[in-house]
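Asks:
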Amino acid sequence: MSWQSTAEYYRLLNDLTRERLGGLHSARCVLYSVDFAAIEVMQAEGRWDEAGAALGEAARALEAAGADFVVLCTNTMHKVADRVAAVVGIPLLHLGDTTAEAVKRRGVTTVGLLGTRFTMAEDFYRGRLAGHGLTVLVPSTEDQRIVNDVIYDELCLGIVKPESRDAYRRIIGRLIADGAEGVIFGCTEIELLVGESDSAVPVFPTTRLHCEAALDHALRPDRPRRPGLP
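The structure is reproduced here in structure tokens:
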């Protein structure tokens, strides 16, 4: 939802397209960038129906612009993913499913989950992962507060602090001590702060995983395509 992770999505989509197709290839995509301040207020005030309606309007605009499918570039707002999917006639590539499939491919069954307080504390995302047969661990209440505050007060503003990276490393270590065999970076901004080298177990960066899944879907030879540019 923040432009910080939106820019990372755009960069990754184009980098991955070039890697797969070579030459001057880049990602053919339509981007709808929201005013995150308005969405954040809806989150904080629990106005999820209103947030879902706003994102539904964005999805309809993407469909009208020629998109063949939609990726909702935020873990937290998958709380309203079903509402978004219901108002368009094109598929929505669910980030929870993409992440769960990547976790299972690594042979991991118990994962730690980092994200916003909504993603860590509520069931809309954890339940989706559990539906794929995964056991999901979340940090303590105090650690959840730290993870959430770093996302909203720093990463969404483009601020990356070494002390916050250290705090995340400690929290990751506690999840591992609790039995996590892997750790999901369940907020698209988290990859701006930590990576594989910050964990003793495999990490699952949802921004990159979502981009990879989008490319897999877009390049399927049997995927229905709407008329337009090649």
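Okay, so the sequence shown: first residue is 1208 according to my numbering, each after it adds one.
Just so it is clear, CB atoms sit at the ideal spot from N, CA and C, and this is done for glycine as well.
The structure presented is a predicted model; accordingly, all values stated were derived computationally and were not measured.
1) Can you tell me whether PRO1412 is buried or exposed? The criterion is at least 16 other CB atoms within 10 Å of its CB, across all chains shown.
2) Is it buried or exposed, LEU1436, if we count other Cβ atoms within 10 angstroms and call 16 or more buried?
3) I need the DSSP call for ILE1366, collapsed to helix, strand or coil.
4) Can you list, in chain order, the residues of its chain with a C-beta nearer than 6 Å to that of ILE1378? Leave out the 5 residues immediately preceding and following it.
5) Identify, in the order they occur along the chain, each residue of the same chain with its Cβ nearer than 6 Å to the Cβ of ALA1425, setting aside the five sequence neighbours on each side.
6) To the nearest angstrom, how far is the alpha carbon of ALA1407 from that of LEU1416?
7) For the region 1324 to 1361, list the beta strand (DSSP E) runs that are entirely contained and at least 3 residues long, ordered along the chain.
8) Taking the straight line between their C-alpha atoms, what separation do you get for THR1342 and ASP1330?
9) For LEU1228, is the beta carbon positioned less than 7 Å from some heavy atom of the ligand NAD?
10) Please work out which residues of its chain come closer than 6 Å, Cβ to Cβ, to GLY1386, disregarding the five sequence neighbours upstream and downstream, and give them in chain order.
11) Are three or more beta carbon pairs between the region 1387 to 1394 and the region 1321 to 1337 nearer than 8 Å?
12) Does the Cβ-Cβ distance between VAL1291 and GLY1259 come in under 8 Å?
13) Label THR1176 either buried or exposed according to how many other C-beta atoms from any shown protein chain fall within 10 Å of its C-beta, with 16 as the threshold for buried.
14) Only counting the same chain, and skipping five residues up and downstream in sequence, which positions put a Cβ closer than 6 Å to that of ALA1309?
15) Run through the DSSP bridge pairs and tell me what PHE1243 is partnered with.
16) Residues in the same chain with beta-carbon distance under 6 Å from ARG1427, minus the five sequence neighbours each way, listed in chain order, please.
17) Could you give the first and the last residue of the continuous beta strand (DSSP E) run that contains GLY1314?
Replies: Well, looking at it:
1) Note on PRO1412: 16 or more other CB atoms within 10 angstroms of its CB, so buried under the neighbour-count rule.
2) Here LEU1436 scores only 49 on pLDDT, less than 50, and its place in the model should not be relied on; the value that follows carries that caveat. It is exposed - the Cβ of LEU1436 has fewer than 16 other Cβ atoms within 10 Å.
3) coil
4) PRO1346, ASP1350
5) none
6) 19 Å
7) 1342 to 1344
8) 13 Å
9) Summarising the ligand content, the structure contains no ligands, and the ligand NAD is consequently not present.
10) Cβ within range, chain order: THR1317.
11) yes
12) Against a cut-off of 8 Å, the Cβ pair of GLY1259 and VAL1291 comes out as a contact.
13) The chain is shown only over 1208 to 1437; residue 1176 falls outside these bounds and no answer can be derived.
14) Excluding residues within five positions, the ones whose Cβ falls inside 6 Å are PHE1411, LEU1416.
15) DSSP, once it has assigned bridges, lists no residue as partnering PHE1243.
16) none
17) Per DSSP, GLY1314 belongs to no beta strand (DSSP E) and is neither H nor E.
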